Amino acid sequence: MSALIIWVMGAILLLINIMLRTRILRLESRLKELSNPQEQLAFLRQQASKKEKVAAIKALRKQYPEISLIEANRLWQQI
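Numbering of the sequence shown is given in our numbering, commencing with residue 23 and proceeding in unit increments.
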């Protein structure tokens, strides 16, 4: 009986996890739609004048957490 309860609880937690992950992905997608790449590029240029590449990319990702490391590197290459 207790194994069945544990299995049911595990299944419920898995469903909750899937629902939350889906919601997070939708929110991240919407955030990317609202972000302005030109604004991000201007911010990165400003950071690049003060810092080296790694520090500038870290500052960019801190300012715009929706940007992936790959996207940040692509922006850096545009400078």
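Even glycine gets a Cβ: it sits at the ideal position worked out from N, Cα and C.
Since we're looking at a predicted model, the values are computed, not measured.
Per DSSP, E88 lies in no alpha helix (DSSP H) segment and is marked neither H nor E. Residue burial annotation: Q99 is exposed, with fewer than 16 other C-beta atoms found within 10 angstroms of its C-beta. Closest in C-alpha terms to Y86, from the list L56, I101, A70, V30, comes L56.
In terms of Cα proximity to L63, the closest of E50, A78, L37 is A78. L47 is positioned such that its CB atom lies no closer than 7 Å to that of L97. A Cβ-Cβ contact shorter than 7 Å links A70 with I101. Between E93 and L53, the CB-CB gap reaches or exceeds 7 Å.
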